[in-house]
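Reading through the C-alpha cells given below for one structure.
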Amino acid sequence: MLDQLRMYLGFPFVQYALIVGVLIALCSSLLGVTLVLKRFSFIGDGLSHVAFGAMAIAGIMHINSEMLFVLPATVLCAILLLRTGQNTRIKGDAAIAMISVGSLAVGYMLLNLFPKSSNVSSDVCTSLFGSTSILTLSLTEVWLCVGLSIAVVAIFLLFYNKIFAVTFDEDFSHSTGTRVEAYNLLIAVVIAVIIVLAMNLVGSLLISALIIFPAMSAMRLFRSFKGVTICSAVLSVSCAVIGILISILAGTPVGSTIVAADIVAFLLFSVLARLGVGARKA
Amino acid sequence: MAQLTCKDVSLGYEGHVILSGLNFSVSAGNYLCIVGENGSGKSTLMKTILGLQKPLGGSITFGDGLQNNEIGYLPQQTQVQKDFPATVWEIVLSGCQARAGRRPYYNKEEKALARENMDKMNVSQFARRCYRELSGGQQQRVLLARALCATRKLLLLDEPVTGLDPKVTLEMYQLIEQLNREDRVTVIMISHDIVSAVKYASHILHIGHEVFFGPTQDYLQSALARRFLTVEGGDQNA
Ligand SMILES: Nc1ncnc2c1ncn2[C@@H]1O[C@H](COP(=O)(O)OP(=O)(O)OP(=O)(O)O)[C@@H](O)[C@H]1O
Ligand SMILES: [Mg+2]
Chain A
10 MLDQLRMYLG FPFVQYALIV GVLIALCSSL LGVTLVLKRF SFIGDGLSHV
60 AFGAMAIAGI MHINSEMLFV LPATVLCAIL LLRTGQNTRI KGDAAIAMIS
110 VGSLAVGYML LNLFPKSSNV SSDVCTSLFG STSILTLSLT EVWLCVGLSI
160 AVVAIFLLFY NKIFAVTFDE DFSHSTGTRV EAYNLLIAVV IAVIIVLAMN
210 LVGSLLISAL IIFPAMSAMR LFRSFKGVTI CSAVLSVSCA VIGILISILA
260 GTPVGSTIVA ADIVAFLLFS VLARLGVGAR KA
Chain B
14 MAQLTCKDVS LGYEGHVILS GLNFSVSAGN YLCIVGENGS GKSTLMKTIL
64 GLQKPLGGSI TFGDGLQNNE IGYLPQQTQV QKDFPATVWE IVLSGCQARA
114 GRRPYYNKEE KALARENMDK MNVSQFARRC YRELSGGQQQ RVLLARALCA
164 TRKLLLLDEP VTGLDPKVTL EMYQLIEQLN REDRVTVIMI SHDIVSAVKY
214 ASHILHIGHE VFFGPTQDYL QSALARRFLT VEGGDQNA
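Chains as they are written, first to last, in this note's numbering: chain A, 10 to 291; chain B, 14 to 251.
As C-alpha cells, then:
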C-alpha cells in the first residue's frame, strides 16, 4: 500500500490536490470560531448556495475559469447579506434564506436547461458534493488558490486581535472607537472567498462542515481563543490530508471523505473532553 | 469645562421616543449615578453616550480633553455567548484595542498596562483561566479591568453589581470608589441599588416620568427621591 501511495504522490495532479487541499483546509478553519460565535454560520451556508448558482451561470456563459466569475458574485452577495442582516435581524434571516434557496433553484434549473454534458444529475452532484475535480485542477487554478489562501491567512494574522475583539464584544469594541462595521465587512468578504475556494474541495453542500467541524472540535478541548484557533487549523489540515490520501487509495469521493475524517476527529475530541483532558488547560 | 455635556437630548429606537429634553453635564472626577425604573431608558442613554446609537435629538459633546474613544465601558449584559473560548488575559488585553490603533499586535506597554489593571482588580491569578468558568463577580472584575485598559478618564458602568452577593457587591463598590478617589477616574454608573447610589455618588441623574439632575444632597431633599427611596429601599429591607 505504501508503494502504491508513493507512486500516486509522484503524479503532479496528486501533488496539486494535496497543496490546494491543505491550503483550503487551513483557511476554512481559521474563521470557523468567529463564524460559529458570531452567529454567521447561516451566512456561510447561504453563500455556499449562492456560489452554486453562480457556478451554473458561469457554466452557461462558457466562462473558462469559473472561479473568476463565482468569486466576485459571492463576495457581492456576502456584502449584500451583511447589510440587510445588520439593519433588522429577522428580515435579514429571511433575506438570506430567500437568496440561498433562490440561487439553488435557479442554478439547478439552468443546469437542466443548458446541460453541459448529457448527464445533468452527475453535474449537479459534482457541484453539490464536490468531485474528483480537485484531482483535475489546472496550474492556473492551483495558483489562484495559492494566492487567495495566502491573502486570507495574511488578513487573519494581521487582524487577529481585532477579529477577536469584535467577535467577543462588539459593543465594547465600538465604544473604544474600533470600526466594527468595517471589520464585519472584512470578515464577510473573507468568508465568501473561503467558500468559493472550498467549493473546489468539498462542493457547496459540504462547505459548512469544513468550516465548522474543526472549530467545534477544538472548542471541546481548548479554553483560549488562540488555542482553539491553532488547534482547529492543525486539525483541519490533518483531516484534509488524511481524507485526500484515503480517497485516492480507496477511490471514495474526496469531499465527503474529508468531512468524514472531520466527523471522526470531532467524536474523538468529544470523548477526550468527557474524559477530562484539557479541562483546566488554557 | 465639563467632560461630557448632554443638551436637550432625546432618546429612543427607530423614531419611538423614550425620553426627551434631557440636560446634564459631568465634570472630571464626578461620580454620577443614573437611577430610574426598569425600562426608563438608562441603558439606552448609556449606549447613546457611547455612540452605539444616535440621539433622536439634541447634542452630546465631549470636552476637557476627552476623546470619544477614551471611555471604558462595562455592559449590562455582555452579549458574549456561553461557549466563547477566551482566557481572562486575552479579554483584558482586548481593552487596549484603541491604544494599538492600526498596529496589528499589542506592544510591551499595553501588555504591562493589562497586567497592572488585572492586579488592581485582583484577577491576576485567573489570567490563564477561561472567562466562562469564572463566577459572576470575578467576570465583572475582569470586564472592569478591560474597561480600565481603555481609559484613565471616564468609566461607564451599566449595573455593575447586579447578581452579585452582598460581600462581593461591597468589594465592587469599594473598587469603583477607589478608582474615583485615588485615580481620579470619572464614573457614570447605572444602578438599581438606590441606597448605595446615594451613599457613593457625588451626583444623581434620575430618569423616568420626572427627571432630576443635581448633587446627591439636593436629590435627597427632593420629593422624588423620598418617594423612590421608600419604595426601593423598602423592597430591599423586605
Ligand atoms: N433594541 C431596542 N429596540 C427597540 N426598543 C428597545 C430596544 N432596547 C430597549 N428598548 C426599549 O427602550 C426602553 C428603555 O430600555 P432600556 O434598556 O434603556 O431600559 P433600562 O432603563 O436600562 O432598564 P433596566 O433597568 O431594566 O436595565 C424599554 O421600553 C425597551 O423596551
Ligand atoms: Mg438597563
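Where is the CB? At the ideal position from N, CA and C, for every residue including glycine.
Since this is a predicted model, take the numbers as computed values, not measurements.
Contact check, residue i vs residue j, beta carbons under 9 Å
i       : j       : result
F168(A) : P117(B) : yes
C36(A)  : V202(A) : yes
T9(A)   : V31(A)  : Residue 9(A) lies beyond the stretch modelled for chain A, which goes from 10 to 291, so this question has no answer here.
D178(A) : P88(B)  : yes
Q153(B) : F139(B) : no
A160(A) : F222(A) : no
S107(B) : F181(A) : yes
V263(A) : I253(A) : yes
G64(B)  : H183(A) : yes
V175(A) : I204(A) : no
Y44(B)  : T182(B) : no
I108(A) : L90(A)  : yes
F78(A)  : A67(A)  : yes
D196(B) : R165(B) : yes
G149(B) : L177(B) : yes
Proximity to residue i [Cα-Cα], best of the options
i       : options                            : result
H219(B) : K20(B), Y26(B), L32(B), G25(B)     : L32(B)
Q191(B) : G42(B), S38(B), Q16(B)             : G42(B)
I105(A) : E75(A), M118(A), I88(A), G116(A)   : I88(A)
E218(A) : A269(A), C240(A), D178(A), G260(A) : The question names Glu, but residue 218(A) in the sequence shown is Ala. Residue A269(A) is the option with its Cα nearest to A218(A).
V199(A) : L44(A), L276(A), S256(A)           : L44(A)
E83(B)  : D21(B), F139(B), A140(B), L17(B)   : L17(B)
V105(B) : S247(A), P262(A), N170(A)          : N170(A)
A65(A)  : A114(A), V151(A), W152(A)          : A114(A)
R112(B) : M134(B), I73(B), G85(B), S137(B)   : G85(B)
V84(A)  : G264(A), T176(A), I108(A), L56(A)  : L56(A)
E223(B) : A236(B), K212(B), D231(B), Q230(B) : A236(B)
G76(B)  : L167(B), Q66(B), N130(B)           : L167(B)
A238(B) : E50(B), Q80(B), L188(B)            : E50(B)
L46(A)  : A242(A), S256(A), M225(A)          : M225(A)
S112(A) : V151(A), S213(A), M16(A)           : S213(A)
Q80(B)  : L194(A), I267(A), G186(A), N193(A) : G186(A)
P173(B) : E27(B), A158(B), R145(B)           : A158(B)
M16(A)  : I164(A), L277(A), L258(A)          : L258(A)
F173(A) : S158(A), L157(A), N193(A)          : N193(A)
K133(B) : Q66(B), L147(B), K121(B), L156(B)  : L156(B)
Residues of its chain near residue i, where Cβ-Cβ distance is below 7 Å and the 5 sequence neighbours each way are ignored
i       : result
E59(B)  : According to the sequence displayed, residue 59(B) carries Met and not Glu. Counting only Cβ-Cβ distances below 7 Å, and skipping sequence neighbours, we find L169, D171, I203.
S53(B)  : I220, G221
C109(B) : Y119, E123, L126, A127, C162
S279(A) : R229
Q230(B) : none
K290(A) : Note that K290(A) has pLDDT 45, beneath the 50 cutoff, so the model's placement of it is unreliable and the number below is only indicative. Around K290(A): F231, R232.
P68(B)  : V22, S23, L24, T61
M14(B)  : G76, D77
L157(A) : V202, L206
Proximal residues to residue i (C-beta, below 6 Å), its chain only, five neighbours per side dropped
i       : result
A82(A)  : A63
N46(B)  : The sequence given here places Cys at residue 46(B); Asn does not occur at that position. Excluding sequence neighbours, C46(B) sits near M202, S204, A210, A214, I217.
A34(A)  : S245, V246, A249
R115(B) : none
S241(A) : S38, G41, P223, A224, A227
S72(B)  : K20
D54(A)  : S217
S137(B) : M131
G116(A) : F61, G62, A65
L80(A)  : V205
G247(B) : Below a pLDDT of 50, predicted positions are generally treated as unreliable, and G247(B), at 49, falls in that range; the measurement from the model is reported next regardless. None.
Other residues of its chain near residue i: CB distance less than 8 Å, five sequence neighbours each side excluded
i       : result
F226(B) : N36, F37, H216, I217, L218, H219
L146(A) : F22, Y25, A26, V29, C154, N209
F241(B) : V48, I207, H219
E75(A)  : M64, A67, G68
A251(B) : Confidence is the limiting factor: at A251(B) the pLDDT is only 37, short of 50, which leaves the residue's position unreliable and the question unanswerable from this model.
V151(A) : Y25, I28, V29
Proximity test, Cβ basis, 9 Å: residue i and chain C
i      : result
S23(B) : The chain labelled as chain C is not found among the protein chains of the depicted structure, namely A and B.
Point to revise | Three CB pairs or more closer than 8 Å across the segment 197 to 211 of chain A and the segment 50 to 60 of chain A | key: yes
Check your understanding: Between the segment 96 to 111 of chain B and the segment 219 to 239 of chain A, do at least 3 Cβ pairs fall closer than 8 Å?
Key -> yes
Point to revise | alpha helix (DSSP H) runs wholly inside the segment 203 to 256 of chain A, at least 4 long, in chain order | key: 216 to 230
Point to revise | Runs of alpha helix (DSSP H) lying entirely within the segment 124 to 197 of chain B, each at least 4 residues, in chain order | key: 149 to 163, 179 to 195
Exercise for review: For the segment 22 to 109 of chain B, list the beta strand (DSSP E) runs that are entirely contained and at least 3 residues long, ordered along the chain.
Suggested key: 29 to 39, 44 to 48, 70 to 75, 84 to 87
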